[in-house]
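Number of protein chains: 2
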Amino acid sequence: MFLHALRRQRLPLARWPLHRFIATKNVVADPMTGEFMPSTPDIQPNRLEIKRNPNPATPPPSNTLVFGHTFVSWAAGAHRHLTRHRVAQTDHMLTIPWDAVSGWGTPEIKPYGPFQMEPSSTVLHYAQTLFEGMKAYRDEHGKVTLFRPDMNMKRMNNSARRIALPTFNGEALIDLIKQLVRLDQHWVPKEPGHSLYVRPTLIGTQKAIGVGPPNEALLFVILSPVGPYYASGFKPIALYGTTEFVRAAPGGTGAYKLGVNYAPGVLPQKAAAALGYAQNLWLHGEEHELTEVGTMNMFVVFSKEDGSTELVTPPLDGMILPGVTRDSVLTLAREHVSGKRLPNLTEKLKVSERRVTMKEVKEAAAAGRLVEMFGAGTAAVISPVNRIGYLGEDVHIPTGEDGMGPVSRPIWTELVGRQWGTIPSEWSVPVTE
Amino acid sequence: MFLHALRRQRLPLARWPLHRFIATKNVVADPMTGEFMPSTPDIQPNRLEIKRNPNPATPPPSNTLVFGHTFVSWAAGAHRHLTRHRVAQTDHMLTIPWDAVSGWGTPEIKPYGPFQMEPSSTVLHYAQTLFEGMKAYRDEHGKVTLFRPDMNMKRMNNSARRIALPTFNGEALIDLIKQLVRLDQHWVPKEPGHSLYVRPTLIGTQKAIGVGPPNEALLFVILSPVGPYYASGFKPIALYGTTEFVRAAPGGTGAYKLGVNYAPGVLPQKAAAALGYAQNLWLHGEEHELTEVGTMNMFVVFSKEDGSTELVTPPLDGMILPGVTRDSVLTLAREHVSGKRLPNLTEKLKVSERRVTMKEVKEAAAAGRLVEMFGAGTAAVISPVNRIGYLGEDVHIPTGEDGMGPVSRPIWTELVGRQWGTIPSEWSVPVTE
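Line by line, the protein sequences are chains A and B. According to the numbering used here, the residues represented by the first sequence are 1 to 433, in order. According to the numbering used here, the residues represented by the second sequence are 1 to 433, in order.
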C-alpha cells in the first residue's frame, strides 16, 4: 500500500550488493527492486516539541557514579565497553518515530518514562535494534561538549542500512541531541573523568510477526551520568584467548553496532570470568588472528629489530567495529608520525592496520619484543592488558608502573585532554557556551 | 545484592565451557563462578491467574488468512519460515515474569495488549530475545492439537542458555500454552491447511544499560490464526547461492532460535529478491557447503549409480537450526528405511546427515542425478526448489508436476497427515477433547 504512496521514480541502479545502496539527498533505493525512489521526510529539528518533566529528579552525587563498578563483583570484573553500573537516567529523553509512509515524524523531548510496546513488535522477536555510545563532557570552565559525534552518526546510519532500518541526517540528530543535553545539562558531572553517557537507539516497532524490513521504527536517546572507568589509576586486565565462540565472522555483522553483536557475547564473557579472565580476546580463523577485546577494539605494540616501535590494530575488514576511540588513537599516532609530535612518544613509530596472529604475539613476548597491548573504547578509553590465557598457558604482557605502556600513555594523555577540553581540538563539539 | 539472597551452596563444577552447564533439578550454576547454587522457583502452572478479555474480537474469515501473502509483493516473494501476513492476534496472551531473586513469577493469561517497557530495557539494546514457532491444528472432528511441542520447549531452553536468559520446565509451559489455546480455541481455523500460530518469546527486561546476564526477563506467548502457505498447489522457489553474507558461522549462534539470527538476514533477503530469487541459500566456507535456505532447513536428494536414492541434509554441527520439521522429515525417512514403509517412496532409500557442497549439487545436476531439493520449516512444511543462482549461472533442479518430488511428496503426505490428525501419532498432542 505504501509503495503507491511513495510514487516511485524508476531509475536504474547498478550497485550490488544491496548494502552499498546509497541514500542520496532526495532519493533512496527501493527495498525490493533496488530502484531509486523519492525519499520520505528526514528528521526535522525545527519540528521539535518539548514537554518538560514536571517532577525533575536530583542528580546522584558524583562519587556514587563509578563506571562498571556496582555490579562488577557479580559480572566478574568485566571490563567492557559498557559494564553494569547503577543507572540513573536523566529527566528527559528524545524520541523520533518513523514509518514507511510518512518518514521521520515529530521529534519530541519529554519526561523519561516507559514506552507502550506491542508484544508483536519486531524488535522483541528479530533483534531489529542498533545503538551508539557517546559521552558529553564538562570542561574546567563548565562548558559541556560532545566528542566527535559525527563519527557516531555515520556509524549509526551504516548500522541502520545493514539491518534495513531507516537512515537519517546525522547533523539533524546531533542538533536534537544537543538540545536534549542542554535541557539536562545539570546532569553532566563536574568531576574530571566523569561524563554523561548518551545512548541513541533505533528499533523496529512494526506490529506484525513477520521477518522483513519494518514499516515502523522508533529512534530514542536516553542519558545517564557515569563515573570514571578507573577510579584510581589503571588496572591492567587479563584476557582469555577465545576460540570456542566467535564475536564476528566474514559476511556477518561485526563491523556494525547492532544489538545482535552483544547478546551472544554474554555467555563467553561468563565463561572467561569463570576461568579468572576479565574479557574475551576474540581469535579468528585457523591462525588465531586477534580481532577485538570483549567489546573494545584492540592494539598491540611491538619493538622491531631496527629500534623502531610498531603500533598495530586489525584492519576494518568487515569483522572489526570501526570504533571512535580506535580511529582517534590511529589518527593521533599518525599525526605524531607526520610531525605533529606527542610528548614522550618515540619518534621511531610505525602505525599499522594489519592482521596480527597469536603466533606473532607469543613469539614477540618470548623474544622480549612485545611492548604492550591495550583495548580502546568509549567507556575505558584505554584499557591495558597484562596477560592472555591461550591454549592452556598464559602469555604475559609488559605494563608500566601506572598500568600504561610507553605508547598508550602519551596517546591517552592527548586523547583525554581533547575529550575533557584541556587540549582544544575540532573533535570537541560545544553543546553549551 | 541478590547473590546474598541466593545463599549459594559451594560445590565444585568440572564442566567447561559454560554452555554445557546443566540446570539439574534443584541446583543451577552460579553465572560467575560456575558453582552450583539452589535455584529459584520454576514456572508453576497452578499459580496461573486468568483475566478474561471483556471485549473479545471476532476471528477474521479464514479466506483472508493466507500465510505470507499480504506483503509478499513488497517482500519480493519471500518464502521464509515466517513471511509477512496480515496479523490478527487472538483475544488473550500469556505472560510469565522472571527475576534473579524470585525466579519465575505468577503466570497470567490476560487480554492481548501492549507492554509497558523501559527505554533502558536490555532487549531493546542488546538483542536479548529468543522465540519459538509452533502451530495448533484443528482436526476433522474439531479437536485442537499441538505438533511436537516438547521439541520446541527443548530448543527454547537451549536458546535461553546460549544468551544467559533463564531456563524453565518445558512441561509447565506446554501446560500453560494449552490453557491459553483452549481459551482462544475458536480462533483455530477449521479449514484444512489453516492453523493457529503460537509464538512463545523470552526477552531480557533488565532496566539498566549494561551488557550482562539480565536480572529480569519476561516470557510471553501470543497467538495468531494463519492460512496455508500454498493456497493452491506447491510453487517451487528459486534460491540465490549466497556467499557475500553469512547466516551463521562456527562458534556463533546459528544452532539456536535467537532473535540475533533474523535481523541480519533481511538485507540479504532483499538483495536476493532484487536479483529475482525468492530466498538465500546460505553457503559456508571455501567449498560452499549448503547450510540453510532463508530461515528453513534444507534437503537434497541424489540418485546413486547403484539405483538407490540418497536424502541428504547438513548435520547439526553448530551452524544449523535443529528444526522440528527437519527432525520429522528425517525420522519419517528413517522409519521408512527400517521397515515402517511410507506409501509411494522408494525402498532403496539412504538417509544422510552430512555435508553437501555446491560442487556436488552442480555435478549431480549435470549428470542427471539430482532428484530434488526442498526447504523444511514450520510455515511451509515442505518448500520445493527449482533453481539456484550460483556464481553467475543458474543450476536447474527437477520438480514434479505438482511441484513436489518423489521423496518429498510421500514424506509430506505422512507429515501433514500427522499434523492435521488424519494420521494418528504421538507427535500430535491434544489441547481439547
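All C-beta atoms, glycine included, are put in the ideal place defined by N, C-alpha and C.
Exercise for review: Look at the alpha carbon of Ala-333(A) and the alpha carbon of Val-351(A), and state the distance between them as a whole number of angstroms.
Suggested key: Reading the first sequence from its first residue, position 333 is the one you call residue 333(A). Reading the first sequence from its first residue, position 351 is the one you call residue 351(A). Roughly 7 Å between the two C-alpha positions.
**Study point:** Where the beta strand (DSSP E) through Pro-264(B) begins and ends
**Key:** Translated into the one-based positions of the second sequence, residue 264(B) becomes position 264. Pro-264(B) -> no beta strand (DSSP E), and no H or E assigned at all.
Check your understanding: Rounded to whole angstroms, how far is the Cβ of Val-371(B) from the Cβ of Val-312(B), which I believe are closer than 8 Å?
Key -> Position 371 of the second sequence, counted from the start, is the residue given in the question as residue 371(B). Position 312 of the second sequence, counted from the start, is the residue given in the question as residue 312(B). Between Val-312(B) and Val-371(B) the Cβ distance is about 11 Å, and since that is not below 8 Å, they are no contact.
Review point. Which term fits His-141(B), buried or exposed, when burial requires 16 or more other beta carbons within 10 angstroms of its beta carbon?
Key: Position 141 of the second sequence, counting from 1, holds the residue named residue 141(B). That one is exposed.
Practice item. Evaluate contact between the stretch 393 to 402 of chain A and the stretch 242 to 249 of chain A, counting only Cβ atoms and requiring at least three cross-stretch pairs below 8 Å. Key: no
Exercise for review: State whether the stretch 124 to 136 of chain B contacts the stretch 144 to 153 of chain B, with contact taken as three or more CB pairs (one from each stretch) at a distance under 8 Å.
Suggested key: yes
**Study point:** As assigned by DSSP and simplified to three states, the class of Thr-309(A)
**Key:** On the first sequence, residue 309(A) is found 309 positions in, with the first residue counted as 1. Strand.
Check your understanding: What does Gln-116(A) touch in chain C if you count any residue whose Cβ is under 7 Å from its own?
Key -> Structure shown: chain C not included; protein chains present are A and B.
Check your understanding: By the 10 Å Cβ neighbour count, where 16 or more other Cβ atoms means buried, how is Ile-203(B) classified, buried or exposed?
Key -> Taking the first residue of the second sequence as position 1, residue 203(B) is located at position 203. It counts as buried.
Point to revise | Close Cβ partners of Ala-376(A) (< 7 Å) along its chain, the five nearest in sequence each way excluded | key: Residue mapping note: residue 376(A) aligns to position 376 of the first sequence, counting from 1. So the list reads Met-296, Asn-297, Phe-299, Gly-323, Thr-325, Arg-326, Val-329, Ile-382, once near-sequence residues are dropped.
Exercise for review: Measure the C-alpha to C-alpha separation of Pro-119(A) and Gln-116(B) and round it to an integer number of angstroms.
Suggested key: Indexing the first sequence from 1 puts residue 119(A) at position 119. Indexing the second sequence from 1 puts residue 116(B) at position 116. Going by the C-alpha atoms only, they are around 10 Å apart.
Practice item. Please compile the residues from chain B whose C-beta is within a distance smaller than 8 Å of the C-beta of Gly-265(A). Key: Counting from one through the first sequence, the residue named residue 265(A) turns up at place 265. Under a criterion of Cβ atoms nearer than 8 Å, the residues of chain B adjacent to Gly-265(A) are, in order, Val-211.
Point to revise | Beta bridge counterpart(s) of Phe-49(B) as assigned by DSSP | key: By one-based count along the second sequence, residue 49(B) stands at place 49. In the sequence on display, residue 49(B) carries Glu and not Phe. Paired residues: Glu-108(B).
Exercise for review: Using beta-carbon positions only, say whether Ile-43(A) and Pro-97(A) come within less than 8 Å of one another.
Suggested key: What you label residue 43(A) is simply residue 43 of the first sequence in a count that begins at 1. What you label residue 97(A) is simply residue 97 of the first sequence in a count that begins at 1. Not closer than 8 Å, so no.
Check your understanding: Closer than 7 Å, Cβ to any Cβ of chain A: which residues of the stretch 158 to 180 of chain B, in chain order?
Key -> Interface annotation for the stretch 158 to 180 of chain B against chain A: Arg-162, Ile-163, Ala-164, criterion Cβ-Cβ distance under 7 Å.
Review point. Tell me, which residues are paired with Ile-388(A) by DSSP?
Key: Within the first sequence, the letter at position 388 stands for residue 388(A). In DSSP, Ile-388(A) forms a bridge with Leu-239(A), Val-395(A).
Exercise for review: Kindly say whether Gly-259(A), judged by its beta-carbon, lies nearer than 8 Å to any beta-carbon of chain B.
Suggested key: Residue mapping note: residue 259(A) aligns to position 259 of the first sequence, counting from 1. Yes, contact with chain B.
Exercise for review: Hey, could you find the ends of the beta strand (DSSP E) Glu-347(B) is sitting in?
Suggested key: Reading the second sequence from its first residue, position 347 is the one you call residue 347(B). From DSSP, Glu-347(B) is part of no beta strand (DSSP E); its letter is neither H nor E.
Check your understanding: How would you call Thr-58(A), buried or exposed, if buried means at least 16 neighbouring beta carbons within 10 angstroms?
Key -> Here residue 58(A) is taken as the residue at index 58 of the first sequence, counted from 1. The residue is exposed, with fewer than 16 neighbouring Cβ atoms inside 10 Å.
**Study point:** Rounded C-alpha distance that separates Thr-40(B) from Lys-348(B)
**Key:** For the purposes of this step, residue 40(B) is identified with residue 40 of the second sequence, where counting begins at 1. For the purposes of this step, residue 348(B) is identified with residue 348 of the second sequence, where counting begins at 1. Taking the straight line from one Cα to the other gives about 52 Å.
Point to revise | Range covered by the beta strand (DSSP E) that runs through Arg-297(A) | key: Here residue 297(A) is taken as the residue at index 297 of the first sequence, counted from 1. Sequence inspection shows Asn at residue 297(A); the Arg mentioned does not correspond to that position. It spans 297 to 303 - the beta strand (DSSP E) in which Asn-297(A) sits, taken as one unbroken run.
Point to revise | Of the residues Lys-362(B), Val-407(B), Glu-414(B), Phe-234(B), the one placed nearest Glu-393(B), counting alpha carbons only | key: Your numbering for residue 393(B) matches position 393 in the second sequence. Among Lys-362(B), Val-407(B), Glu-414(B), Phe-234(B), the Cα nearest to that of Glu-393(B) is on Lys-362(B).
Point to revise | Residue from Tyr-256(B), Pro-61(B), Glu-292(B) whose Cα sits closest to the Cα of Arg-162(B) | key: For the purposes of this step, residue 162(B) is taken as residue 162 along the second sequence, with counting starting at 1. Per the Cα distances, Tyr-256(B).
Exercise for review: For the stretch 233 to 241 of chain A and the stretch 272 to 279 of chain A, state whether three or more C-beta atom pairs, one from each stretch, are separated by less than 8 Å.
Suggested key: yes
Check your understanding: Roughly how far, in whole angstroms, is the beta-carbon of Val-188(A) from the beta-carbon of Gly-212(B), given that I think they are within contact range, below 8 Å?
Key -> Stepping through the first sequence from its first residue, residue 188(A) is reached at position 188. Stepping through the second sequence from its first residue, residue 212(B) is reached at position 212. Their Cβ separation, rounded to whole angstroms, is 26 Å, which puts Val-188(A) and Gly-212(B) out of contact at 8 Å.
Exercise for review: Measure from the C-beta of Ala-78(A) to each C-beta in chain B and report whether the shortest distance is under 8 Å.
Suggested key: Your numbering for residue 78(A) matches position 78 in the first sequence. For Ala-78(A), the pLDDT reaches just 34, beneath the cut-off of 50, and the residue's location in the model is therefore unreliable, leaving the point undetermined.
Review point. Leaving out the 5 sequence neighbours to the left and right, which residues in its chain are closer than 8 Å to Arg-354(A) when beta-carbon positions are compared?
Key: As a working mapping, residue 354(A) is identified with position 354 in the first sequence. Only Val-312, Pro-314, Pro-315 meet the Cβ criterion.
Point to revise | Ile-50(B) versus Val-293(B), Arg-182(B), Asn-157(B), residue with shortest Cα-Cα distance | key: Here residue 50(B) refers to the residue found at position 50 when the second sequence is read from its first residue. Ile-50(B) has its Cα closest to that of Arg-182(B), out of Val-293(B), Arg-182(B), Asn-157(B).
**Study point:** With 16 other Cβ atoms within 10 Å as the buried cut-off, status of Val-260(A)
**Key:** Taking the first sequence and counting its residues from 1, one reaches residue 260(A) at position 260. By the neighbour-count criterion, in which a residue is buried when 16 or more other Cβ atoms sit within 10 angstroms of its Cβ, Val-260(A) is buried.
**Study point:** Run of the beta strand (DSSP E) containing Gln-179(B), from where it starts to where it stops
**Key:** The residue you call residue 179(B) lines up with position 179 of the second sequence. No beta strand (DSSP E) holds Gln-179(B); the alpha helix (DSSP H) holding it covers 170 to 183.
Point to revise | Euclidean distance between Cα positions of Ser-428(A) and Ile-222(A) | key: For this step, residue 428(A) is matched to residue 428 along the first sequence. For this step, residue 222(A) is matched to residue 222 along the first sequence. Going from the Cα of Ser-428(A) to the Cα of Ile-222(A) covers about 20 Å.
Check your understanding: What does His-125(B) touch in chain A if you count any residue whose Cβ is under 8 Å from its own?
Key -> Within the second sequence, residue 125(B) is the residue found at index 125, counting from 1. Residues of chain A passing the Cβ test: Thr-129, Phe-131, Arg-199, Thr-201, Gly-259, Tyr-262.
Exercise for review: Can you tell me which of Val-416(A), Ser-303(A), Ile-174(A) puts its alpha carbon nearest to the alpha carbon of Ala-366(A)?
Suggested key: As a position in the first sequence, residue 366(A) is number 366, starting the count at 1. Taking only the C-alpha atoms, the option nearest Ala-366(A) is Ser-303(A).
Review point. When the cut-off is 8 Å and only beta carbons count, does Met-404(B) lie next to chain A?
Key: On the second sequence, position 404 is the one that residue 404(B) refers to. For Met-404(B), no Cβ of chain A is located within less than 8 Å of the residue's own Cβ.
Practice item. Could you tell me whether any Cβ in chain B is nearer than 8 Å to the Cβ of Lys-270(A)? Key: On the first sequence, position 270 is the one that residue 270(A) refers to. Interface residue (Cβ-Cβ distance to chain B less than 8 Å): Lys-270(A) is classified as such.
Review point. By Cβ distance, which residues of its chain are closer than 8 Å to Asn-169(A), with the 5 residues on each side in sequence left out?
Key: Against the first sequence, residue 169(A) aligns to sequence position 169. In the same chain as Asn-169(A), and ignoring 5 residues on each side of it, the C-beta atoms closer than 8 Å to its own belong to Asp-42, Ile-43, in chain order.
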